[in-house]
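Chains as they are written, first to last, in the UniProt record's numbering: chain X, 1 to 423; chain E, 1 to 452.
Glycine residues also receive a C-beta, built at the ideal position from the N, C-alpha and C atoms.
Quick caveat: nothing in here was measured; it's all calculated off a predicted structure.
Encoded as structure tokens, the structure appears first; notes follow it.
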């Protein structure tokens, strides 16, 4: 597997009989090997009243399995000098570890044990403990953080109640409190099966040896039922809506959110560029206007947040003291209008593309990022080595495309959330 | 079925080469530490100087920080927005960082853009505009930023804790300053700070990148050779021996959690028992499978995470246990932390020592993954006046740590009678718990650490 360019991550991909996707990417110049598994389950697979399940599950996967004691995953990997973690999004849950390259087998032993043999080790006591931990995670990361609840307020208003992006990935507190052991078991049996996962091994290892080890540890794990794709209703706001929420903050902050496109859909990249032009860098449109010239905002950021079942464009800006949030909003809208009329300069456009491209290169420094990209591209476009193509999508976007997506999406109805200081 | 009951053994030994560090000198006597790293077409640069916030006048705390915000608002032939655009066009990322001790100017760039990016960086160092309108804007932003931090429980806990343990020293107040002290700063202060502490400073330059040594040196000299560096200013540190170690509570109404920090000052980095202390802390609270985290998180479920650390400023170390717990469990959590601190002084098992050593030794190669990680390791050695060869003996030094040294390190570096305890959270819920559990009336402080 030789590398033709910086963005060529040649790989070997195959499927085990039980349906597990395996992707091998070799780089023998590294002292490490990384194992990264994506389970195609996220908070979007949850149902009303049982939100937060996918994320709780991520915790339960570190509570030991049939052959590995509680906290054993951490202990074994750390003892070997590795790092490990997992994360949950709307669409997927991932687990990853990076180890010295002579410890590949350990990682596969650990990952296969919790894929195939989690239930025999699952107890009420472990569940009760992790429910407490997750409730504290929710308190620490959301409830006790300034502006920490904004995301869930925004999304539960932007998405209709029957859309799976309506609730936060960590779940509602009242749902977390009610988790039952039986539900946890059912969730595992349905979603944590090899046919619903893809395994990436990256870094310094021998291909044949890795194939044998994958066969040894994963092949005997039986497949689960076939999982039907999630059907989600199309989203459209019939009218714009303003929500005001009081929080323990000093400065008011405005959030504006529009429905856009799903990830990797036609306009996705153009909208990424739009966000950079509006808020990437000191001389971006909104930053220059609000933070630099008028000095009515402390900060401003705009980004496209897109997943498999929906996408949104979000602008967030913190008002300076004594600045009326409606004035801030009006300035944002008039800048967008101005931008649509005046267009983009060549220099501005080139600058923005270069920023995105170099950030992408910088992110390739970490093997954990590279293997996660391989799984990410495999998940969304069924081609792990999509790095160059992803950049080509960026290159193809024209200035007119960016203006057009601004016109097309940012003129629609939107959600406005004002977080204001408690009186 | 295969046998899964035993953890598989590692296959063979690890082939790992430490980076080769070149020490170069520019014609005007700047030290340049260079590692050639090929992997990607990237160069990471850090020009660092002794110009941290410890040089701030006490009533103008935040001066170094504010100077670092104004310094890249226009330089040489570029105004603020043009300068930012020049970096952005190259896809280069320029940042400034202010610590108590030093001031870092960092640059991440593509190899092909290194020359021009470094030129821009040199303009910031040598020809910043430091104009009134930019100063006014950045000062206002900074004051609002400090205002916002009032609601950040973790920041409040850390800064109040440091105010207590570093009382009457130049580490007492946060680098960012207080609203009252930043309000005292005017443009002349910034200009003076720049002239005295940055312009003629004896920079140390750290570069990790996919470039040639000759090219690097030529580039640096091309843009920075006009400076005649002065010797760095000496500043002396006197430890405050009379810290009032006790319970302190900062009120945060209706908080969902209590933010807790417990600790005291510690010896600086360059001490004999650094390695035993590192192993000891790995057992106590330095990683996920440590005693404190397993107890408070995995056993009790009080928290999402709890840790302990020894961190090192130039003149002093700092020992701190840090966690955020469900407010109802505040006193219980503090009691458990006390128990763990006592426990590590009396009882450490050989298997714990072996585990911690294995973890520290084997994770070492992974610390050299990114360009900035490599830079940071070398910079820290120089910062603490350690030999560059330290990275070559690191693993052996960890390996040689014995059980009794770990116990000794716990007893010598954790002083149970000198612990200050800071809790940030809803006072009405916290005070009764502390009274009940410890029979102590905690002192109540505001969020800048002043007595109420």
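Contact between residue 106 of chain E and residue 71 of chain E is absent: CB atoms are separated by about 13 Å, not below the 8 Å threshold. Using a CB distance below 8 Å, the part of the stretch 359-373 of chain X facing chain E consists of 359, 361, 362, 364, 365, 366, 367, ordered along the chain. Within the model, the alpha-carbon separation for residue 182 of chain E versus residue 143 of chain E is close to 7 Å.
Contact annotation, residue 9 of chain X with residue 25 of chain X: C-beta distance approximately 6 Å; criterion of less than 8 Å satisfied. Contact between residue 374 of chain X and residue 200 of chain X holds, since their C-beta atoms are separated by about 5 Å, short of 8 Å. E/3 is the residue among E/302, E/372, E/36, E/3 whose C-alpha sits nearest the C-alpha of residue 217 of chain X.
Here the alpha carbon of residue 64 of chain E sits roughly 33 Å from the alpha carbon of residue 257 of chain E.
Close to residue 113 of chain X, with beta-carbon spacing below 9 Å, are these residues of chain E in chain order: 4. As the crow flies, the alpha-carbon of residue 8 of chain E is around 15 Å from that of residue 215 of chain X.
Residue 59 of chain X and residue 231 of chain E have their C-alpha atoms spaced approximately 53 Å apart.
Pairing residue 105 of chain X with residue 365 of chain E gives a Cβ-Cβ distance that is not under 9 Å.
Listed along chain X, no residue sits closer than 9 Å to residue 388 of chain E by beta-carbon distance, the nearest being about 20 Å off.
Segment contact: the stretch 35-46 of chain E against the stretch 109-127 of chain E, three or more CB-CB distances shorter than 8 Å; contact assigned. Taken through DSSP and simplified to helix, strand or coil, residue 100 of chain X comes out as strand. Your pair residue 310 of chain E and residue 277 of chain E checks out as a contact, with CB atoms roughly 6 Å apart and the cut at 8 Å.
Spanning the alpha carbons of residue 337 of chain E and residue 323 of chain E requires a straight line of approximately 10 Å. The way I'd put it, the stretch 64-84 of chain X doesn't touch the stretch 143-153 of chain X; fewer than three beta-carbon pairs between them come closer than 8 Å. Assignment of beta-bridge partners to residue 245 of chain X by DSSP yields X/419. Assigned with DSSP and collapsed to three states, residue 214 of chain E falls in helix.
By DSSP's assignment, residue 206 of chain X forms no beta bridge with any residue.
The contact set of residue 148 of chain E on chain X, defined by CB atoms closer than 9 Å, consists of 146, 249, 250, 251, 298, 318 in chain order.
Neighbours of residue 76 of chain E in chain X, taken as residues whose beta carbon is under 8 Å from its own, are absent, since the nearest beta carbon is some 16 Å off. With 16 or more neighbouring CB atoms inside 10 Å of its own CB, residue 56 of chain X falls in the buried class.
In the DSSP assignment, residue 425 of chain E falls within the unbroken beta strand (DSSP E) covering 420-425. Under DSSP, no beta-bridge partner is assigned to residue 352 of chain X.
Within 10 angstroms of the beta-carbon of residue 219 of chain E lie 16 or more other beta-carbons, which makes it buried. For residue 37 of chain E, same chain residues with a beta-carbon under 8 Å away, outside a window of 5 residues either side, are 19, 208, 209, 210, 371, 374 in chain order. If you look at residue 251 of chain E, you'll find it in the beta strand (DSSP E) that goes 247-251. With respect to the 9 Å criterion, residue 220 of chain X and residue 85 of chain E are not classified as neighbours on the basis of their beta carbons.
Less than 9 Å separates the beta-carbon of residue 194 of chain X from that of residue 20 of chain X. Interface flag for residue 292 of chain X against chain E is set, since a Cβ pair is found closer than 9 Å. The UniProt domain "Peptidase M16 N-terminal" (42-153) of chain E is shown to contain whole alpha helix (DSSP H) runs of 4 or more residues at 63-70, 80-90, 114-126, 132-149, in chain order. The alpha helix (DSSP H) runs of length 4 or more contained entirely in the stretch 278-342 of chain X are, from start to end of the chain, 325-342. Inside the UniProt domain "Peptidase M16 N-terminal" (22-156) of chain X, DSSP marks whole alpha helix (DSSP H) runs of 4 or more residues at positions 53-60, 72-79, 104-116, 124-138, from first to last along the chain. Collapsing the DSSP output to three states places residue 4 of chain E in coil. Inter-residue distance for residue 278 of chain X and residue 360 of chain X is about 19 Å (C-alpha atoms, whole angstroms).
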